[in-house]
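Protein chains in written order, with the numbering used here: chain A, 26 to 254; chain B, 26 to 254. Structure record follows, encoded as structure tokens.
There are 2 protein chains.
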Amino acid sequence: MANAVILLSGGLDSYTAGAIARAEGFDLFALSLVYGQRHVVELEAARRVASALRVKRHIELFLDLSAFGGSSLVGEGEVPKDRVIDAPDIPSTYVPARNTVFLSLALAWAEALGAEDLFVGVNAVDYSGYPDCRPEFLRAFERLSRVATKAGVEGRPVRIRAPLLRLTKARIVRLGTRLGVPYRLTLSCYDPVRGRACGRCDACQLRRKGFLEAGIPDPTRYATPASKE
Amino acid sequence: MANAVILLSGGLDSYTAGAIARAEGFDLFALSLVYGQRHVVELEAARRVASALRVKRHIELFLDLSAFGGSSLVGEGEVPKDRVIDAPDIPSTYVPARNTVFLSLALAWAEALGAEDLFVGVNAVDYSGYPDCRPEFLRAFERLSRVATKAGVEGRPVRIRAPLLRLTKARIVRLGTRLGVPYRLTLSCYDPVRGRACGRCDACQLRRKGFLEAGIPDPTRYATPASKE
């Protein structure tokens, strides 16, 4: 069994990416970041998911990105609600260079482990338009990893695996359901209200839409009813 | 005055890079990492240097890379002593993906600040052969930053400035001395002994060689005499 590192947020996408990696036969090493996120409760979901995926090790790394600011997700201003998801702007929940930082850390661990695969649940179809979820970002990061690390220059570069990159949320939900992923363990919401998903942030809207279009019951407890139900 | 972020270790190179940025007229925002390094005392030097450079703000960010291991610099095994510096191998003090992680964090802060310049003191001449100190690494990182960030996709990418990249250590010391850098404030050693530089690790050897070849007195207090003196 080969080792792979997986970035685990506690959300739907990273669990599905992890389930795909498991189905491919990898031993998983899960990395979650405590980065000053408003929805730090997602770490509890990440622990449940890591356990369900039977990972070999789960590291929760502390890294206070709120020291830099620049995002409503780390405390500057409010998380937008009822936003039009496919609007062309990049919303205030974008955290400067977040996925660059997270992938760098996962790359560090992968190299230390001798792992040649790094899984990440990013998606560039049903998403908020963040630049660091797009194929061109992942390609540039993989190119970087070839020259940045000892493993890379010695001919064992880390592959960046983003199996959900070009899927709709509905296809992700269907795929995960086929793989037996218990989505009730996950949390997607940016701004949970007393233990329930808000139902109105981008993450909740995308999640709802995914289950609805997949025709699969959504196990999430939302604080507000869906606008189209 | 434009803002620039500078990665500040407390060593000779990052101080010199910072002095160059100051001489160019930038307002400086200094980032230092507490990453589980054996020589965490370098943070005291980083504080002295930040103060001497009159930075606008100095963030010391905690990030435990020793959780991943894979390097003698974060506690696995001993730091090599009296190593032949220009040997072709990459020594055990290489920390997996360290400069990728550090530049990613500096990029995050630069974007949050609206800064378009990021200074780093890496050098690929008198160095230990770390892959993430080379020009091809910096080029790949700058390409990544163009697609990774909101600032990048909006046409305001962060420039990666490595003014020492192709200089010998002697030239760096001469340049810094002309700029009035008080090198006694800095600490380069990987493995200090009771407040003194060990004199035998790669960092000490390179520093000694730099002052010697520059013909400038070395203000460092070493625990051991130079082998060639």
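Even for Gly, the Cβ is constructed at its ideal location relative to N, Cα and C.
DSSP beta-bridge partners for tyrosine 247 of chain A?
-> Its beta-bridge partners are A:Ala222.
Can you say whether glycine 95 of chain A is buried or exposed, counting buried as having 16 or more other CB atoms within 10 angstroms of its CB?
-> That one is buried.
Do the region 105-125 of chain A and the region 72-88 of chain A make contact, defined as three or more Cβ pairs closer than 8 Å?
-> Contact between the region 105-125 of chain A and the region 72-88 of chain A is absent, because fewer than three Cβ pairs lie under 8 Å.
Taking only beta-carbon positions, decide if glutamate 85 of chain A is within less than 7 Å of chain B.
-> It does not: the Cβ of glutamate 85 of chain A has no partner Cβ on chain B nearer than 7 Å.
Short-range partners of chain B found in the region 100-123 of chain A, where Cβ spacing is below 8 Å | So the close ones are Ile115, Tyr119, Val120, Pro121, Ala122 and Arg123.
Mind checking the region 142-171 of chain A against chain B and listing, in chain order, the residues whose C-beta falls within less than 9 Å of any C-beta there?
-> Against chain B - using a Cβ distance shorter than 9 Å - the residues of the region 142-171 of chain A are Tyr155, Pro156, Asp157, Arg159, Glu161, Phe162, Arg164, Ala165, Phe166, Arg168, Leu169, Ser170 and Arg171.
Can the beta-carbon of arginine 186 of chain B be found less than 7 Å from the beta-carbon of phenylalanine 127 of chain B?
-> With respect to the 7 Å criterion, arginine 186 of chain B and phenylalanine 127 of chain B are not classified as neighbours on the basis of their beta carbons.
Would you list the residues sitting across from asparagine 28 of chain A in a DSSP beta bridge?
-> Answer is A:Asp52, bridged to asparagine 28 of chain A.
Determine whether the Cβ of leucine 53 of chain A lies closer than 7 Å to any Cβ atom of chain B.
-> By the rule that beta-carbons nearer than 7 Å mark a contact, leucine 53 of chain A does not touch chain B.
Are the Cβ atoms of glutamate 85 of chain B and valine 59 of chain B separated by less than 7 Å?
-> For glutamate 85 of chain B and valine 59 of chain B, yes; Cβs fall inside 7 Å.
Out of B:Tyr155, B:Asp89, B:Glu179 and B:Ala122, point me to the one whose CA is closest to alanine 112 of chain B's CA.
-> Comparing Cα positions, the closest option is B:Tyr155.
Could you check how far apart the C-beta atoms of isoleucine 241 of chain A and valine 198 of chain A are, in whole angstroms? I think they sit under 8 Å.
-> So it is a contact: roughly 6 Å between Cβ atoms.
Contact set between glycine 95 of chain A and chain B, taken where Cβ atoms lie within less than 7 Å = Here the neighbours are Glu136 and Ala137.
Span separating the alpha-carbon of serine 129 of chain A from that of tryptophan 134 of chain B | Pairing serine 129 of chain A with tryptophan 134 of chain B, the inter-Cα distance amounts to about 15 Å.
Mind the definition here: the region 161-175 of chain A touches the region 163-170 of chain B only if three or more C-beta pairs lie below 8 Å; say whether that holds.
-> The answer is yes - the region 163-170 of chain B touches the region 161-175 of chain A, with three or more Cβ pairs under 8 Å.
Closer than 7 Å to chain B by CB, serine 129 of chain A | Under the 7 Å criterion on CB atoms, serine 129 of chain A is classed as interfacial with respect to chain B.
What separation, rounded to the nearest whole angstrom, lies between the Cα atoms of valine 99 of chain A and aspartate 227 of chain A?
-> Straight-line Cα distance between these residues: approximately 16 Å.
Cβ of valine 126 of chain B less than 7 Å from any chain A Cβ?
-> So, interface residue.
Take the Cβ of arginine 225 of chain A as the centre, count every other Cβ of all protein chains shown within 10 Å, and call the residue buried at 16 or more, exposed below.
-> Using a 10 angstroms sphere on the CB of arginine 225 of chain A, the tally of other CB atoms reaches 16 or more, which defines it as buried.
Could you name the residues of chain A that leucine 132 of chain B contacts, counting a contact when the two beta carbons are closer than 9 Å?
-> For leucine 132 of chain B, the residues of chain A that pass the 9 Å Cβ criterion are Pro121, Ala122, Thr125 and Val126, in the order they occur in the chain.
With 16 other CB atoms within 10 Å as the buried threshold, where does proline 182 of chain B fall?
-> Buried is the call here.
For the region 85-140 of chain B, which segments carrying the alpha helix (DSSP H) assignment without a break, of at least 4 residues, lie completely within its bounds, in sequence order?
-> Taking only runs of at least 4 residues, the alpha helix (DSSP H) segments lying wholly in the region 85-140 of chain B are 123-138.
Would you mind stating whether proline 121 of chain B and alanine 137 of chain A have Cβ atoms separated by less than 7 Å?
-> It is a contact, given that the beta carbons lie within the stated cut-off.
Residue range of the alpha helix (DSSP H) that isoleucine 197 of chain A falls in?
-> Run containing isoleucine 197 of chain A: 194-203, per the alpha helix (DSSP H) assignment.
Same chain, Cβ closer than 7 Å to tyrosine 119 of chain B, neighbours up to 5 away in sequence not counted | Within the same chain, tyrosine 119 of chain B has close Cβ partners Ser96 and Tyr155.
Pick from B:Thr211, B:Cys158 and B:Pro217: whose alpha carbon is nearest that of leucine 33 of chain B?
-> Out of B:Thr211, B:Cys158 and B:Pro217, the CA that lies nearest to the CA of leucine 33 of chain B is found in B:Thr211.
On a CA-only basis, which of B:Pro250, B:Pro217 and B:Leu231 is nearest glutamate 67 of chain B? Give me that one, please.
-> Restricting attention to B:Pro250, B:Pro217 and B:Leu231, the CA atom closest to the CA of glutamate 67 of chain B is found in B:Pro217.
Opening and closing residue of the beta strand (DSSP E) in which lysine 143 of chain B lies = Here the sequence assigns leucine to residue 143 of chain B, which means lysine is not the residue at that position. Unbroken beta strand (DSSP E) run through leucine 143 of chain B: 142-144.
Beta-carbon neighbours of glycine 177 of chain A, restricted to chain B and to distances below 9 Å | Those within 9 Å of glycine 177 of chain A in chain B are Pro156.
Give the range of the beta strand (DSSP E) segment to which arginine 184 of chain B is assigned.
-> Taken as a continuous stretch (DSSP letters only), the beta strand (DSSP E) holding arginine 184 of chain B covers 184-186.
Assigned secondary structure, arginine 82 of chain A (DSSP; H/G/I helix, E/B strand, else coil) = Residue state, collapsed to three classes: strand.
Complete beta strand (DSSP E) runs within the region 154-191 of chain A (minimum length 3 residues, chain order) = Taking only runs of at least 3 residues, the beta strand (DSSP E) segments lying wholly in the region 154-191 of chain A are 184-186.
Phenylalanine 87 of chain A: buried (16+ other C-beta within 10 angstroms of its C-beta) or exposed?
-> The C-beta of phenylalanine 87 of chain A has fewer than 16 other C-beta atoms within 10 Å across all chains shown, which makes the residue exposed.
Exposed or buried, what is proline 244 of chain B when buried is set at 16 or more other beta-carbons lying within 10 Å of its beta-carbon?
-> Note on proline 244 of chain B: under 16 other CB atoms within 10 angstroms of its CB, so exposed under the neighbour-count rule.
Using a Cβ-Cβ distance under 7 Å, would leucine 68 of chain A count as near chain B?
-> Interface criterion not met: the Cβ of leucine 68 of chain A is under 7 Å from no Cβ in chain B.
Taking DSSP as the reference, what is the three-state secondary structure of serine 34 of chain B?
-> Looking at serine 34 of chain B - three-state DSSP - the assignment turns out to be coil, as it is neither helix nor strand.
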